[in-house]
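Enquirer:
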Ligand code: PMP
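In the numbering used here, the protein residues as written are 1440 to 1797.
#1: Hey, quick one: how far does the alpha helix (DSSP H) through residue 1792 stretch, first residue to last?
#2: Could you tell me the boundaries of the beta strand (DSSP E) in which residue 1552 lies?
#3: Measuring CB atoms only, is the segment 1692 to 1703 touching the segment 1530 to 1540, in the sense that at least three cross pairs come out at less than 8 Å?
#4: Would residue 1578 be called buried (16 or more neighbouring beta carbons within 10 Å of its own) or exposed?
#5: Which one of 1728, 1518, 1734, 1656 has the shortest CA to CA distance from residue 1795?
#6: Taking the CB atoms as reference points, tell me whether residue 1523 and residue 1693 lie closer together than 9 Å.
#7: Can you give, in chain order, each stretch of the beta strand (DSSP E) that sits fully within the segment 1665 to 1705 and has at least 3 residues?
#8: Is there contact here, the segment 1512 to 1521 with the segment 1562 to 1571, by at least three beta-carbon pairs under 8 Å?
#9: Could you check if residue 1711 is buried or exposed, using at least 16 other CB atoms within 10 Å of its CB as the buried criterion?
#10: Closer than 7 Å by C-beta to residue 1626: which residues in its own chain qualify, once you throw out the five before and the five after it? Chain order, please.
#11: If contacts are defined as beta-carbon pairs under 8 Å, then residue 1664 and residue 1695 qualify, I think. What distance do you get, rounded to the angstrom?
#12: Quick one: grab the DSSP three-state call for residue 1505.
#13: Leaving out five residues on either side along the sequence, give the residues of the same chain with a beta carbon under 6 Å from the beta carbon of residue 1472.
#14: Just the C-alpha distance for residue 1720 and residue 1606, rounded to the nearest angstrom, thanks.
#15: Per DSSP, what kind of secondary structure is residue 1632 in: helix, strand or coil?
#16: Sorted by chain position, which residues of the same chain lie with C-beta nearer than 7 Å to residue 1581's C-beta, five sequence neighbours on each side aside?
#17: Apart from the five residues on each side of it in sequence, which residues of its chain come closer than 8 Å, Cβ to Cβ, to residue 1740?
#18: Below 8 Å, can you find three or more Cβ-Cβ pairs linking the segment 1667 to 1686 to the segment 1524 to 1535?
#19: So, with DSSP's three-state summary, where would you put residue 1444?
#20: Could you tell me the alpha carbon to alpha carbon distance between residue 1462 and residue 1637, rounded to whole angstroms?
#21: Residues in the same chain with beta-carbon distance under 6 Å from residue 1503, minus the five sequence neighbours each way, listed in chain order, please.
#22: Going by the C-beta, is residue 1530 closer than 8 Å to any heavy atom of the ligand PMP?
#23: Kindly indicate which residue of 1736, 1756, 1763, 1735 has the alpha-carbon position closest to the one of residue 1747.
#24: Under the assumption that residue 1632 contacts residue 1658 (Cβ atoms under 8 Å), give the Cβ distance between them as a whole number of angstroms.
#25: Assign residue 1582 to one of three DSSP states: helix, strand, or coil.
#26: Count the other CB atoms, across all protein chains shown, that sit within 10 Å of the CB of residue 1783; report buried if there are 16 or more and exposed otherwise.
#27: Could you pull the start and end residues of the beta strand (DSSP E) that residue 1465 belongs to?
#28: Is it right to say residue 1765 is buried, meaning 16 or more other beta carbons lie within 10 angstroms of its own, or is it exposed?
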């Protein structure tokens, strides 16, 4: 399907910010300080050695705006072509860019409920019109309901997180494809948690010209880097890039992330551990009659119980925090539990035993 890109009209001939390349010996162009951290930090010899060994030489310089090294390693990893990736300061920032650029026809944005709250927050914040489609009581996607809403509203953007946050489940692939095929606007499949499931749409990207895939490094060990990325057709990626802040990803983040993409063996092992732990915690929770457990494809588990506040407070008083949802009726009495280290999960299970056996 070849869709016309619904770029905001004013962006068609827009002069985006143009940042200079950084590979000059004498850089007197960007009003940076010439003093590097060696001169300004009172760091220990060890810290300096660490920063050097990480090749973080130029704290006084702006990061590489082209982000080419990191982009190349991401593209190589996913088997994609030049121009098919855009990097954001976390995928939160990418949601903002997508909304700023690709909403040039109906100005409507469709998202599911409950799902990741930033879709709605940024849609409203930018004065766009939100179209919310409720998930079933089991957090399943009703594809006919979504198609109806698309017919009615013709949204410019559709956000689908699969696996979904906060429910943890993946939606049926064929349902997502139906939506992509039916929509004239862009469908963003948010795969923030797909490393914990057994599926990704990346391999199908070339078949669906109106699909963007959003990913993040936050859930696999690098939340502090603030690094998300968007994969898709070059023309779409170029459109979203028009309003990207020129230096949106720090040098440090670019460097660490490039290393991560060159060698994922340790991360894959860690993902394996979390998946095993998830099974263990799920099995434990399923044995508690007062808890309803929603099956998860993510690194967290959503549960529903009679009185979530009581359990939440009990855990909190024992120095353990889970996510309590206060403002969404669909998540009434639900708690979302992140799967942690074996030690942390054992502590959780011990506290749950104490709470429910009292
Ligand atoms: N998408 C989903 C579904 C999420 O749950 C989150 C984080 N909670 C994000 C995107 C944002 O991730 P980040 O900005 O850390 O990349």
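All C-beta atoms in this analysis are idealised placements derived from N, C-alpha and C, irrespective of residue type, glycine included.
Expert: Let me spell this out:
#1: Numbered from 1 along the chain shown, position 353 holds the residue referred to as residue 1792. Element bounds for residue 1792: 1781 to 1795.
#2: On the chain shown, position 113 is the one that residue 1552 refers to. Note, residue 1552: beta strand (DSSP E), 1547 to 1552.
#3: Short answer: they don't touch.
#4: By one-based count along the chain shown, residue 1578 stands at place 139. Buried, since its Cβ has 16 or more Cβ neighbours within 10 Å.
#5: Sequence index remark: in the chain shown, residue 1795 carries index 356 (1-based). Taking only the C-alpha atoms, the option nearest residue 1795 is 1728.
#6: Taking the chain shown and counting its residues from 1, the one referred to as residue 1523 is at position 84. Taking the chain shown and counting its residues from 1, the one referred to as residue 1693 is at position 254. 9 Å or more divides the Cβ of residue 1523 from the Cβ of residue 1693.
#7: Listed in chain order, they are 1667 to 1670.
#8: No, because fewer than three Cβ pairs between the segment 1512 to 1521 and the segment 1562 to 1571 fall closer than 8 Å, the two stretches do not touch.
#9: Position 272 of the chain shown holds residue 1711. By the neighbour-count rule (16 or more Cβ atoms within 10 Å), residue 1711 is not buried but exposed.
#10: On the chain shown, residue 1626 is found 187 positions in, with the first residue counted as 1. Shown here for residue 1626: same chain residues with a beta carbon closer than 7 Å to its own, the five before and five after excluded, namely 1597, 1599, 1618, 1619, 1649, 1650 in chain order.
#11: By one-based count along the chain shown, residue 1664 stands at place 225. By one-based count along the chain shown, residue 1695 stands at place 256. Under the criterion of beta carbons closer than 8 Å, residue 1664 and residue 1695 qualify as touching, at roughly 6 Å.
#12: Here residue 1505 is taken as the residue at index 66 of the chain shown, counted from 1. Coil at residue 1505, not helix or strand.
#13: Working through the chain shown from its first residue, we reach residue 1472 at position 33. When the five nearest sequence neighbours on each side are left out, the beta carbons in the same chain lying within less than 6 Å of the beta carbon of residue 1472 are those of 1499, in order along the chain.
#14: Taking the first residue of the chain shown as 1, we reach residue 1720 at position 281. Taking the first residue of the chain shown as 1, we reach residue 1606 at position 167. If you take the alpha carbons of residue 1720 and residue 1606, they lie about 16 Å apart.
#15: Numbered from 1 along the chain shown, position 193 holds the residue referred to as residue 1632. Under the three-state reduction of DSSP, residue 1632 is assigned to coil, being neither helix nor strand.
#16: Within the chain shown, numbered from 1, the residue matching residue 1581 stands at position 142. 1575, listed in sequence order.
#17: Position 301 of the chain shown, counting from 1, holds the residue named residue 1740. If the five residues before and after residue 1740 are omitted, its C-beta is found closer than 8 Å to the C-beta atoms of 1607, 1717, 1720, 1721, 1724, 1732, 1733, 1775, 1776, 1778, all from its own chain and listed in chain order.
#18: Taking a cut-off of 8 Å on C-beta distances, the segment 1667 to 1686 touches the segment 1524 to 1535, as three or more cross pairs fall below it.
#19: Looking up residue 1444 in the chain shown gives position 5. Reduced to three states, the DSSP call for residue 1444 is coil.
#20: For the purposes of this step, residue 1462 is taken as residue 23 along the chain shown, with counting starting at 1. For the purposes of this step, residue 1637 is taken as residue 198 along the chain shown, with counting starting at 1. Spanning the two alpha carbons is a distance of roughly 41 Å.
#21: By one-based count along the chain shown, residue 1503 stands at place 64. Shown here for residue 1503: same chain residues with a beta carbon closer than 6 Å to its own, the five before and five after excluded, namely 1461 in chain order.
#22: In the chain shown, counting from the first residue as 1, residue 1530 sits at position 91. Checking the Cβ of residue 1530 against the ligand PMP gives yes.
#23: Locating residue 1747 in the chain shown gives position 308, where the first residue counts as 1. The shortest CA-to-CA distance from residue 1747 to any of 1736, 1756, 1763, 1735 is the one to 1763.
#24: The residue you call residue 1632 lines up with position 193 of the chain shown. The residue you call residue 1658 lines up with position 219 of the chain shown. Residue 1632 to residue 1658, Cβ: 6 Å. Contact.
#25: Within the chain shown, residue 1582 is the residue found at index 143, counting from 1. If DSSP states are grouped into helix, strand and coil, residue 1582 belongs with the helices.
#26: Counting from one through the chain shown, the residue named residue 1783 turns up at place 344. Of the residues assessed, residue 1783 falls on the exposed side of the cut-off, its CB having fewer than 16 other CB atoms within 10 angstroms.
#27: In the chain shown, residue 1465 corresponds to position 26, counting from 1. Unbroken run through residue 1465: none, as it is neither H nor E.
#28: Numbered from its first residue, the chain shown carries residue 1765 at position 326. Residue environment analysis places residue 1765 among the exposed positions, since fewer than 16 neighbouring C-beta atoms fall within 10 angstroms of its C-beta.
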